[in-house]
Amino acid sequence: MELYCQSHFCNCCLSSTKMQNVNVRSDYFSNTASASGSNTKMNNHQICGSVHITENVMSSDEQSQTYNKSVHKRVKLSKVLNADDIFFSSHNSNRTPTYGLNRLKDSFYDVPCEDLAKGLLGKILVRRLSDGTVLKGHIVETECYLGGDDKASHSYKGRITERSKPMYMKPGTTYVYITYGMYHCFNISSQGSGAAVLLRALEPLEGLEFMHLERGKRKKSTSSKPKELKAHELCSGPAKLCMSFNITKSLCNEQDLTAWDGLWVEEDESNQKSLDPCHIVTSHRIGIDSVGREWASKPLRFYLLGNSSVSRRDRAREKELWETIKHSSSTKDSFFPQDPAYE
DNA sequence: ACACAGATTGCCT
DNA sequence: GGCAATCTGTGTC
Numbered sequence: 001m002e003l004y005c006q007s008h009f010c011n012c013c014l015s016s017t018k019m020q021n022v023n024v025r026s027d028y029f030s031n032t033a034s035a036s037g038s039n040t041k042m043n044n045h046q047i048c049g050s051v052h053i054t055e056n057v058m059s060s061d062e063q064s065q066t067y068n069k070s071v072h073k074r075v076k077l078s079k080v081l082n083a084d085d086i087f088f089s090s091h092n093s094n095r096t097p098t099y100g101l102n103r104l105k106d107s108f109y110d111v112p113c114e115d116l117a118k119g120l121l122g123k124i125l126v127r128r129l130s131d132g133t134v135l136k137g138h139i140v141e142t143e144c145y146l147g148g149d150d151k152a153s154h155s156y157k158g159r160i161t162e163r164s165k166p167m168y169m170k171p172g173t174t175y176v177y178i179t180y181g182m183y184h185c186f187n188i189s190s191q192g193s194g195a196a197v198l199l200r201a202l203e204p205l206e207g208l209e210f211m212h213l214e215r216g217k218r219k220k221s222t223s224s225k226p227k228e229l230k231a232h233e234l235c236s237g238p239a240k241l242c243m244s245f246n247i248t249k250s251l252c253n254e255q256d257l258t259a260w261d262g263l264w265v266e267e268d269e270s271n272q273k274s275l276d277p278c279h280i281v282t283s284h285r286i287g288i289d290s291v292g293r294e295w296a297s298k299p300l301r302f303y304l305l306g307n308s309s310v311s312r313r314d315r316a317r318e319k320e321l322w323e324t325i326k327h328s329s330s331t332k333d334s335f336f337p338q339d340p341a342y343e
């Protein structure tokens, strides 16, 4: 029998669920069924924790051999990763950043995954390269990956691997991974063990020349002249924004957005009118059909209504939202989406 | 704007 | 060994 730990953390401190009298660990393998659920109260802070107890159900000799092999491999790896240890060890700096002094602070990130995904919309992602180049873009599309029961998440069932480790780090930590062998995707960890927000699209604001150059590097040279990308095509996808912003695993993974000088998020000070929550389109996530209909269809993707930099627009949901807005008077002072750029 | 095929390699089983 | 939180180029409407 093995125990998998999926601790959740309270809002206001670094406390996490303590597993009493049980040697709990999370590790590489989770090819098992699970049972869950215990809530605990500690130090006057409400803490929601769950222990997944997993058992191997193999019976034949062949299956036993497979199991023994997996155990052997695990022992050989001698790498026992623990969600609590990862979380605590990611709080190692009190360092004050030199750049981006008006960046968003810890409290902005330390919220449930869906709140962070929506909260990031309209904010500005800033990248500062080692040569001083500064790139900026409005965040216009995000997706939630919840961990736990979320089959599409790299941290499904509390699975911890060397790759998914940053998902367990403190809210505001970057998780950059390589997909399809050649592209990068950029996530930000949120509150909740293993939960993170994928940034899917940006509307470029500053450094467009650099972005054009970065995107051009990937293009194959064909006989016909390569056509210039439009501004709204530079960052209209999770891997595209990583290319344009030079976000790679080797450069940007496991970084603290509240402290690192290379990357941060800030409020859009030029936008005096606040983003109206009514103008956030909620739709299903992209590229996860293989996990099954239940989780592929969950409304965990959020984007700014009518924005042309969004990677995949859900016209049906947009139409519904427009109808709602038309019949509401509360949105008349809002910035979005009356601006012609958003039509 | 949309649909489809092919690319390419790290990660997980 | 097989898959993948995607992109590009080409073709069609």
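For the first sequence, the positions run 1 to 343 when UniProt numbering is used. Quick reminder that beta carbons are idealized off the backbone N, C-alpha and C, glycines included. Model, not experiment: these values are computed from the prediction.
Pair within 9 Å by beta-carbon distance, residue i and residue j
i, j, result
"T282", "F302", "yes"
"V140", "A201", "yes"
"C235", "E269", "no"
"V126", "W264", "yes"
"A195", "Y145", "yes"
"E267", "L104", "yes"
"G122", "N271", "yes"
"D276", "G100", "no"
"T258", "D115", "no"
Nearest to residue i (by Cα), restricted to the options the options
i, options, result
"D256", "Y168, R159, A231, E141", "Y168"
"P238", "G192, M182, E162", "M182"
"R163", "P112, R312, S250", "S250"
"K219", "N102, T248, K240, G207", "K240"
"residue 361", "S244, I178, G192", "It is not possible to answer for residue 361, since the shown part of the chain is limited to 1 through 343."
"T242", "G287, L135, S193, L321", "With the sequence shown as reference, residue 242 is identified as Cys, and Thr is not the correct amino acid for it. Measuring from the Cα of C242, the nearest candidate turns out to be L135."
"P171", "A316, A231, C252, F108", "F108"
"D131", "N246, I286, V310, R313", "N246"
Environment of residue i [buried if 16+ CB atoms lie within 10 Å]
i, result
"S190", "buried"
"D149", "exposed"
"Y175", "buried"
"A117", "buried"
"S60", "Because the pLDDT at S60 is just 41, under 50, the model does not fix this residue reliably, and the value given afterwards should be weighed accordingly. Exposed is the call here."
"Y180", "exposed"
"P299", "exposed"
"K326", "exposed"
"E94", "A small correction: the amino acid at residue 94 is Asn; Glu does not occupy that position in the sequence shown. Result: exposed."
"N187", "buried"
"S328", "exposed"
"N21", "Reliability fails at N21, whose pLDDT of 29 lies under 50, so the model's placement of it is uncertain and no value is given."
"L199", "buried"
"T142", "buried"
"G216", "exposed"
For residue i, the residue or residues it bridges with in DSSP
i, result
"L198", "E143, N187"
"K136", "V126, E206"
"Y180", "Paired residues: none, contrary to the question."
Alpha helix (DSSP H) segment containing residue i, residue limits
i, result
"W295", "293-296"
"I325", "315-326"
Boundaries (first-last residue) of the beta strand (DSSP E) holding residue i
i, result
"R301", "301-304"
"E114", "Premise fails: E114 lies in the alpha helix (DSSP H), 113-120, not in any beta strand (DSSP E)."
"L263", "263-266"
"I280", "280-283"
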